[in-house]
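> Everything in the sequence shown is counted per my numbering, starting at 652 for the first residue and increasing by one. Glycine residues also receive a C-beta, built at the ideal position from the N, C-alpha and C atoms. Quick one: the structure is below, questions incoming.
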Amino acid sequence: MPTVDLAVADDLSAFGRDPWWVILIKVVLAFGILLVLTLFNIWLERRVVARMQHRIGPNVHGPFGLLQSLADGVKLMLKEDIIPKAVDRAVYVIAPLLAAIPAFLAVAVIPFGPEVKVPFSDVVTPLQLTDLPVGVLYILAVTSIGIYG
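Put into structure tokens, the structure is as follows:
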């Protein structure tokens with residue numbers, strides 16, 4: 652009869668034990684942090700490229716041009732969508748979203764800090780979306796899917 656290593660079984664028993672509201676908070680925070688970092692990187696890239704080209708960078712929208720990416724996003728949302736006649740509309744619209752999902756999934760196993768106690772509750776949770784024992788393998792697998800997007 653096969654034996655089970657109890658140390659491994661104990662480690663796996665704590666997998667996914669967070670309440671649904673803690674998971675939701677972690678997902679929203681991780682997505683928000685990624686979104687803000689992306690906007691900052693776009694702003695920084697525009698400033699650096701402007702400096703290399705000896706011109707003024709984005710400075711029209713907001714202080715120091717920090718709202719330039721927001722203005723670009725609003726402009727993009729208000730543009731008319733041009734969809735070819737011979738395509739499946741749902742697949743054509745959803746495909747860019749599906750291509751971005753692996754990039755966000757890779758962040759799920761990256762630890763951002765130690766375990767913390769959630770205020771006003773007895774919940775103690777690690778500062779990562781999920782704690783997989785095979786975290787590095789998961790990151791490699793998910794990021795390899797992005798090649799097909």
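Can you find a C-beta in chain D that's less than 8 Å from the C-beta of P735?
The structure shown contains no chain D, having only a single protein chain.
> Just to confirm before moving on: does the CB-CB distance between V742 and A681 stay below 8 Å?
Mapped onto the sequence shown, residue 742 falls at position 91. Mapped onto the sequence shown, residue 681 falls at position 30. Going by C-beta atoms, V742 is not nearer than 8 Å to A681.
> What residue does the alpha helix (DSSP H) around I745 start on, and which one ends it?
Indexing the sequence shown from 1 puts residue 745 at position 94. Element bounds for I745: 740-756.
> Here's a check: name, in chain order, each residue in its chain whose Cβ is nearer than 6 Å to the Cβ of K677, leaving out the five neighbours to either side.
On the sequence shown, position 26 is the one that residue 677 refers to. Within the same chain, K677 has close Cβ partners L780.
> How many angstroms separate the CA atom of S795 from the CA atom of A750?
Residue mapping note: residue 795 aligns to position 144 of the sequence shown, counting from 1. Residue mapping note: residue 750 aligns to position 99 of the sequence shown, counting from 1. So the alpha carbons of these two residues sit roughly 11 Å apart.
> What residues in its chain sit with their C-beta under 8 Å from that of I734, if we drop five residues either side in the sequence?
Sequence index remark: in the sequence shown, residue 734 carries index 83 (1-based). Only R740, Y743, V744 meet the Cβ criterion.
> Report the CB separation of L685 from F763 in whole angstroms; it is logged as a contact under 8 Å.
As a first step, residue 685 is located in the sequence shown; it is residue number 34 there, counting from the start. As a first step, residue 763 is located in the sequence shown; it is residue number 112 there, counting from the start. The Cβ separation is near 11 Å, so there is no contact.
> Less than 8 Å between the CB atoms is what I'm expecting for V760 and L778, so what's the real figure, rounded?
The sequence position of residue 760 within the sequence shown is 109, counting from 1. The sequence position of residue 778 within the sequence shown is 127, counting from 1. That pair is no contact at about 12 Å.
> V793 to L688, Cα distance in whole Å?
On the sequence shown, residue 793 is found 142 positions in, with the first residue counted as 1. On the sequence shown, residue 688 is found 37 positions in, with the first residue counted as 1. When rounded, the distance between both Cα atoms is 21 Å.
> Quick one: is S772 buried, meaning 16 or more other Cβ sit within 10 Å of its Cβ, or exposed?
Here the question's residue 772 lines up with position 121 in the sequence shown. It counts as exposed.
> Let me confirm a value: A660 is counted as buried when at least 16 other C-beta atoms fall within 10 Å, else exposed. Which label applies?
Residue 660 sits at position 9 when you count from the first residue of the sequence shown. With a pLDDT of only 49 at A660, under 50, the local geometry of the prediction cannot be trusted, and no value is derived from it.
> Enumerate in chain order the residues of its own chain whose CB-to-CB distance from A701 is below 8 Å, with the five nearest sequence positions on each side excluded.
Your numbering for residue 701 matches position 50 in the sequence shown. Closer than 8 Å at the Cβ level, and outside the excluded window around A701, lie I707, G708, P709.
> Considering Cα atoms alone, identify which of K730, L791, P765 is closest to V775.
Here residue 775 corresponds to residue number 124 of the sequence shown, with the count starting at 1. Of the listed residues, the one whose Cα sits closest to V775 is P765.
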